[in-house]
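One structure is given here, and the rest of the page talks about it.
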Amino acid sequence: MKKYETPLLDELEKGPWPSFVKEMKRAAAKNEMANDELGQVEKSYKDKRGYWKHGGIVGVLGYGGGVIGRYSSIPEEFPGVAHFHTFRINQPSGMYYKTERLREIMDLWDKYGSGLTNMHGSTGDMIMLGCRTEALEPLFAETSSRGWDLGGSGSALRTPACCLGKSRCEWANIDTMDLCNELTQAYQDYLHRPAWPYKFKFKIAGCAVDCVASIARADCSVIGTWKGKIAVDQSAVANYAKGGMNIQAEIVDMCPTGCMSYNGSELTIDDENCSRCMHCISKMTKALRPTGERGATILIGAKAPIVVGSLLSWVVVPFIKMEPPYTEFKELVEKMWEWWDDNAKPRERIGELIEMKGMRPFLEAIGVEPQAQQVYEPRKDPFFFWKEEDLNK
Amino acid sequence: MKKYETPLLDELEKGPWPSFVKEMKRAAAKNEMANDELGQVEKSYKDKRGYWKHGGIVGVLGYGGGVIGRYSSIPEEFPGVAHFHTFRINQPSGMYYKTERLREIMDLWDKYGSGLTNMHGSTGDMIMLGCRTEALEPLFAETSSRGWDLGGSGSALRTPACCLGKSRCEWANIDTMDLCNELTQAYQDYLHRPAWPYKFKFKIAGCAVDCVASIARADCSVIGTWKGKIAVDQSAVANYAKGGMNIQAEIVDMCPTGCMSYNGSELTIDDENCSRCMHCISKMTKALRPTGERGATILIGAKAPIVVGSLLSWVVVPFIKMEPPYTEFKELVEKMWEWWDDNAKPRERIGELIEMKGMRPFLEAIGVEPQAQQVYEPRKDPFFFWKEEDLNK
Amino acid sequence: MSWLSEQEAKQKRQTDIGPPSYKEMLPPVIAKNYGKWKYHEVLTPGHMVHVAESGDKVYTVRVAGPRLLSTASIRELMDIADKYCDGYIRWTTRNNIEFMTTKEENVALIKKAADEIGFPSGGIGSGISNMVHTQGWIHCHSACTDASGLVKAIMDELFPYFNEKHLPAKTRLALACCVNMCGAVHCSDIAVVAIHRKVPEIDHDHVKNMCEIPTTVSSCPTRAISPDPAKKSIKINPDKCMYCGNCFTVCPPINIHNPEQDGVAIVVGGKVGSLRKGPMFSKLAIPYIKNNPPRWPEVVEAVKNIVDTYAKDARKNERVGEWIDRIGWESFFKKTGIPFTFQHIDDFTFARDTFRTSAAFKW
Amino acid sequence: MSWLSEQEAKQKRQTDIGPPSYKEMLPPVIAKNYGKWKYHEVLTPGHMVHVAESGDKVYTVRVAGPRLLSTASIRELMDIADKYCDGYIRWTTRNNIEFMTTKEENVALIKKAADEIGFPSGGIGSGISNMVHTQGWIHCHSACTDASGLVKAIMDELFPYFNEKHLPAKTRLALACCVNMCGAVHCSDIAVVAIHRKVPEIDHDHVKNMCEIPTTVSSCPTRAISPDPAKKSIKINPDKCMYCGNCFTVCPPINIHNPEQDGVAIVVGGKVGSLRKGPMFSKLAIPYIKNNPPRWPEVVEAVKNIVDTYAKDARKNERVGEWIDRIGWESFFKKTGIPFTFQHIDDFTFARDTFRTSAAFKW
Ligand code: SRM
Ligand code: SRM
Ligand code: SRM
Ligand code: SRM
Ligand code: SF4
Ligand code: SF4
Ligand code: SF4
Ligand code: SF4
Ligand code: SF4
Ligand code: SF4
Ligand code: SF4
Ligand code: SF4
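These protein sequences, in sequence, are chains A, B, C and D.
The numbering used here runs 6 ahead of the 1-based position in the first sequence.
The numbering used here runs 6 ahead of the 1-based position in the second sequence.
The numbering used here runs 155 ahead of the 1-based position in the third sequence.
The numbering used here runs 155 ahead of the 1-based position in the fourth sequence.
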């Protein structure tokens, strides 16, 4: 195996943060592909540019996604990365692993791939970084035979992801991990066989804290919420005060709706005016607790900035019950997909389509009523349309 | 003279607010045009629609504006309003009148017109409502011979307007009435002879309170401001408190920058963080007073909603000195006009043009540097352009 | 009083002289203390005093202006000014009339005199001043409602807020009789804007003679109009037309007036001053109320409901828009009982920024 | 350990089975108290405890993840999990690694063991957690900077905020190696996004053989590309190109890489949670810093400056974007000393809403 000098990358072994260079070197020590990756990346550092070609279409039989083809643009120099495809393995919901099961994957990856991974990709998959085309089929056979499957890529449903929710968080209003798993299983066909105008992502958070950044990066963001009061444990409030918390400044004054008050001993919440933003609850978890009915808010449309600027997801359904088997939600989502599939141009995300066509046709297609909760504010211009049916109302 | 039954309009003579119907009837009593106007408006009330044709081009010799042509669409029925043009007379700055002078206008209007007026039009002119084409020339000769002139209309400079400023307001940072008068006089040619892509309006307010609504309806809004501290008279503060003002709630808590504090006896302002919004000053005028250098902020671009939604004026020059003869300001404005005139399509307001071309070409054309005060926030997308000259910086 | 002859007119006329100088128009106390005012105090909704550094005081009485004024009434108002105000008078930027005097005892006399001829005092301080408005059926071909009549009906109802009762803050009402919005009503606390709801009807037989097809096509801001060569006329794409009426302006055989469907929308929450919050646009509260002259009772009721809800719920110094921003639009609709419809959801240029991108809102 | 044969692979393979169930992966204490947690307490930046209604406690130790991990290191991490955590381990949504144990005494042992193999603990509470990032030169053809290297350099510098020092609130950093923004960095407190600055160069001789002209033309999101029939190639309108690199993806003879001009922008003030203020986009703070591998000192310095200014100036619980909103962007530029340039002024879709329409601002 060729030994590359990596004076530039060596600089990145220094310092307290775990070093990806160290990881690459560990893999390179026993793997030809990883070794050439190290060499090519050192060259990138020297020349200040990447050396990858765009991927052709590679994959496994019967699937249209799950593998990102990648080829070096200078394979003569770095033959080990001539092929360096990504193999996306769908993570279990919540990214908990029994080590026994995770070892299966490590063994297979040492056998078939570069020994390099990303734990995890931005969408949520386990990213197996770098294998050759001819390794894909046997690798897939081995992983799938052990009960693992590929994640999404291309114009398909992408691997759903969630926060850890009820597994370890006191604020989860819905069972994020279960819903995530249920959607992944229910829509396997959509996930593996790209058949849509473009990608579609689900991300599920148990509350408005949104620890999976769903509002920023999911075509469909599901966020747990409640309808009911916030129960206040006054003795716990007193403990926070005793512990040095400035309840007026840190909690009451920062409540966005101004619905809290504190008289030095008692904390009062005007629940009707609370917007359930989670600020007070998150800072005083021992003292405050939502009560009442649980469900989710559905927001639609987030995406990255190309081409018209990033979108954040928009509230479409302010409240929906969210319990297994999630039938109502699935029906809603299927209606969305149908409308999107029927109307979108290629590479048009659902948020872009809604923006193009207007919110009304979308809401009508999925059977949702207009509600003030869907907007920050009503329109500001006097140019609005009337349908014949509206005129006769 | 025909006597019209006006049962519908009669309903609008009732109630405490001054009645325009009473005004119309007063004029109608001695004027044929006003009488037929009354009849036609009653018909509009009955039929729930107007009966005016669009005006053809009428005016006075040598001017391209100042008169709005108006013709009844049913002149057979109401011959008195067959012609019913508006004669716009440029108001004196601040809309103060010596009665002796205003009587001149009333006399002329009784002689040549309908005897109906609007005091004033939304732009600021004295609106003489309803005269025949053949009256225009002699009427103009008489008004102008007495020292009055027409206001603007069409694709021209429109009649500038201002708040009363230094004449009766303690907060005026600039002499609004003088500047208004000066601009009106300096740009008479632009005002009377439409030669631009579309209309252009100036409105001038002495401070950020903006009593002439300039930010909402002027292509160029001039707003007085200061650079310096707010002087606090603590004994006057105490008087307000004694008078029942809740200084904490009504003043301090409503300060948008949070730069005020009040300890029950002393009011403190962290001037560096004050945004000069005028809230505290306007509510405690006896206690608070701006000090230091005076000048104006120039904002550009407001207009009504057709076609892309209303625009409010945008900060372009955060601070400019504003003293007679206002040379620096005039030069700036002339550069703006030149750029607009060179680049705009017909019927494109300057704000629309800036939006179309981007702020940079506009600022470069008028020689103004980019400044953080020009924006609420920087851009949120990563798609920005570089000129060769920027690359080498 | 005979008209000038053409000849005389030519001789007398002057051009480009501009308006008379404001300097000539100032009451002496104003001229003397110009730029040297120290403070003012609102004494009643109908009058206030300004105190100069010199110690001089000027009392201002403000009276309601219907804006549409006959020369006869203006003469009467001037008579009052001659009697109590050294022969000076002024109008405000919202079309009210102001009398200024240095003598406090004149205040009551001015109020009384003006009241007697139908011009009650008010509009100063935290209440409702005059409604800015436009021409309506009185003068504009484009009007899809009247202006003066609606203003009269609304101001009659809200009159107590003009001359006696207080609101949390100044409350600016306005009305525009078509979407050209000459009143610049788009930044008012509460505004009424007239709208059409139907695509214009075309009298195809007359189009060929009376209209320039290209001009008509290009008059449409939304490109809804295209030539219809078969009919030698034009056609309108109903999905694109937003009923602005521009085409009707340039081509008379196009009729946009529809007495049964024309009406008004109500928008709320705008302001122009930079105090506390910066200037804000008004936003749609009620998309449509039909024209019901002579007194538009449904519109009056709707405006009153909003004012009353605001009066009850807002904090001191809080403008309508600031109040709504604090409580949230979902609460505004709940508290006023106004239904939320598809028309409220923006589908125009800035729709995207109006969609809620937060999981925090009120039920 | 030989590869499966084609035959074997066909026999063994399964499809559409999805991932293993999460239920199989849960540590017993998690499975037992699922949905029944009562509260938690952050004990150090490196560990916290969650207490269940049952009274059960679970201690979580979080350690830094470089994200790019070798199988060798993952095995070592699993060894720790086997030793102290009953054979369970998890990753967070920001690519850190979590060890859970019911035994408080294990906490220190886990930290020590992880530290020894190069994975220090931290990232919990009000500080800086891992930087979300993307592929960079490691794997993506589209990258105009590296990802892992920049993250390493920045996190080395900010390390104290990861494992010991507090900030006013959680501070989320992220990096995207091109404007596709796979890390969804557009809502981060501070993010680095790589940009090109020059219009791509076209190797016209190869275009005809290697590219589909129509595909190339339509690949351009801003329609800057048109066919150049004379050259049998394409041409790019430099006024419209915003250097996104899409064309280069579909047509290799188009080269967007420019080692001297490629670099990064820094955007600030975004967040995703709905606490207090709703989710916010990050906005441009620094339009360009050149690529300077291996440690990008100018970028590190710039990020540090922003973090330090925020640390000094913000109130408790205030995220970067909330802090800036409170003080105003003009103050942000003043306090950080970052120059304001033409690039900061939006000229894109939502430019209009970013222009200041208020006379109130700070000098
Ligand atoms: C691997 C990953 C980045 C990472 O390092 O984690 C990734 C990598 C790529 N993304 Fe991504 N995206 C990844 C998550 C994202 C995310 C974040 C998310 O999913 O939460 C986004 C932003 C959210 C969104 O979907 O808008 C994202 C927005 C994009 C876009 C822009 C899409 C858009 O509509 O604007 C592209 C461009 C495209 O689709 O052609 C893109 C395209 C790509 C491609 C396929 C580039 C290309 O054109 O070939 C990258 C392949 C890199 C490689 O060679 O490995 N990637 N991409 C992430 C997927 C890993 C996983 O499966 O877990
Ligand atoms: C008389 C007046 C309304 C009033 O009752 O006070 C008025 C009346 C007309 N305006 Fe206006 N505008 C008047 C102030 C305004 C204002 C307010 C202002 O100037 O402060 C605006 C909003 C601000 C702005 O300029 O955008 C305004 C925005 C328009 C527009 C929309 C312009 C745009 O760019 O969006 C039009 C349409 C047009 O220009 O074709 C318009 C067009 C018209 C026309 C000429 C209608 C037409 O197409 O023929 C109206 C003639 C009515 C008539 O027959 O009397 N008027 N117009 C105001 C002028 C009186 C004066 O000189 O003092
Ligand atoms: C006379 C007039 C100026 C003129 O040149 O004609 C004027 C005069 C004064 N205004 Fe005004 N404003 C006048 C139109 C305006 C406008 C413009 C408009 O309404 O179209 C505004 C902007 C409204 C908006 O923001 O939408 C305006 C917003 C204010 C405010 C800010 C109110 C607020 O809290 O937002 C103040 C300060 C206050 O009331 O504390 C103010 C205060 C004042 C003061 C106290 C200034 C002073 O020290 O003399 C004057 C008398 C107060 C009063 O009327 O209550 N004036 N004032 C205008 C009277 C119109 C009328 O007849 O009612
Ligand atoms: C483990 C993890 C979820 C997971 O499924 O993996 C998680 C776990 C917790 N988060 Fe989170 N958050 C996690 C990603 C996020 C994200 C998503 C992201 O960063 O991409 C956010 C949104 C950030 C944003 O708004 O931009 C997030 C915003 C919060 C907040 C809100 C902070 C704020 O004031 O804005 C809280 C509440 C708090 O800190 O008071 C919180 C609180 C919590 C709590 C206390 C919830 C609980 O009761 O257990 C958990 C531990 C606190 C901690 O880490 O400080 N978590 N948290 C994620 C850990 C990532 C990491 O390795 O650092
Ligand atoms: S999003 Fe809510 S439920 Fe999920 S981990 Fe974060 S705080 Fe807990
Ligand atoms: S959840 Fe948010 S809105 Fe509700 S009381 Fe707490 S801080 Fe206020
Ligand atoms: S804008 Fe300012 S200076 Fe002018 S009248 Fe109003 S408060 Fe006075
Ligand atoms: S002028 Fe406005 S920002 Fe300045 S101290 Fe007064 S209220 Fe605060
Ligand atoms: S708002 Fe419309 S209808 Fe009213 S005066 Fe202006 S142009 Fe005419
Ligand atoms: S009414 Fe306006 S939008 Fe409709 S066709 Fe006519 S010009 Fe176009
Ligand atoms: S951000 Fe761009 S360069 Fe980085 S992984 Fe995504 S597509 Fe590739
Ligand atoms: S870099 Fe992007 S914007 Fe520029 S020509 Fe290529 S595709 Fe178009």
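Even glycine gets a Cβ: it sits at the ideal position worked out from N, Cα and C.
Beta-carbon contacts of residue i that lie in its chain and below 6 Å, excluding the five residues immediately before and after
| i | result |
| --- | --- |
| C/Pro275 | Ala219 and Asn318 |
| B/Ile80 | Tyr57 |
| B/Lys172 | Ala178 and Asp181 |
| C/Phe488 | Phe495 |
Host alpha helix (DSSP H) of residue i (start-end)
| i | result |
| --- | --- |
| A/Ser220 | Ser220 to Arg223 |
| A/Val27 | Phe26 to Lys36 |
For residue i, the first and last residue of its enclosing beta strand (DSSP E)
| i | result |
| --- | --- |
| B/Pro268 | Pro is not the amino acid found at residue 268 of chain B; the sequence shown has Tyr there. Met266 to Tyr268 is the span of the beta strand (DSSP E), which, as asked, contains B/Tyr268. |
| B/Lys233 | Cys226 to Lys233 |
| A/Asn124 | Leu122 to Met125 |
| D/Ser388 | Ser388 to Ile391 |
Listed by chain order, chain D residues near residue i by CB distance under 7 Å
| i | result |
| --- | --- |
| B/Glu383 | Lys438, Trp484 and Thr509 |
Neighbouring residues, chain B, relative to residue i (Cβ below 9 Å)
| i | result |
| --- | --- |
| C/Glu161 | Glu143 and Pro144 |
Buried/exposed call for residue i, threshold 16 Cβ in 10 Å
| i | result |
| --- | --- |
| A/Ile63 | exposed |
| C/Pro174 | buried |
| B/Leu67 | exposed |
| B/Asn398 | exposed |
| D/His321 | exposed |
| C/Ala121 | Nothing about residue 121 of chain C can be reported from this structure: the residues present for chain C run from 156 to 518 only. |
Proximal residues of chain C, C-beta to C-beta of residue i below 9 Å
| i | result |
| --- | --- |
| A/Gly264 | Arg481 |
Candidates the options, of which the one nearest residue i by Cα
| i | options | result |
| --- | --- | --- |
| A/Gly21 | D/Ser297, D/Leu305, D/Val405 and D/Val362 | D/Leu305 |
| C/Asp211 | C/Ile235, C/Asp417 and C/Thr257 | C/Thr257 |
| D/Thr118 | D/Glu367, D/Glu356, D/Glu473 and D/Glu415 | With chain D running from 156 to 518 in the structure shown, residue 118 of chain D is simply not present. |
Beta-carbon proximity list for residue i, same chain, < 7 Å, skipping 5 on both sides
| i | result |
| --- | --- |
| B/Arg164 | Thr129, Gly158, Lys205, Phe206 and Lys207 |
| D/Lys193 | Val206, Ala207 and Glu208 |
| D/Val475 | Thr326, Asp344, Ile345, Val423, Gly424 and Tyr465 |
Chain B contact residues for residue i, given Cβ-Cβ distances below 7 Å
| i | result |
| --- | --- |
| C/Gln169 | Ser150 and Ser151 |
| C/Asp344 | The contacting residues do not exist; C/Asp344 stays about 12 Å from chain B at best. |
Closer than 8 Å at the beta carbon, the chain D residues around residue i
| i | result |
| --- | --- |
| A/Pro311 | Val334, Met336 and His341 |
Where residue i meets chain A, residues with beta-carbon distance less than 7 Å
| i | result |
| --- | --- |
| D/Met365 | The premise fails here: D/Met365 is roughly 11 Å from chain A at the closest Cβ pair, so nothing lies under 7 Å. |
Interface partners of residue i on chain B, CB under 8 Å
| i | result |
| --- | --- |
| D/His111 | Residue 111 of chain D cannot be examined here, being either before or after the span of chain D that is shown, 156 to 518. |
Interface residues of chain C facing residue i [CB-CB closer than 8 Å]
| i | result |
| --- | --- |
| A/Lys233 | Trp518 |
Interface partners of residue i on chain D, CB under 9 Å
| i | result |
| --- | --- |
| C/Pro418 | Note that residue 418 of chain C is Gly in the sequence shown, not Pro. Simply none; closest approach about 29 Å. |
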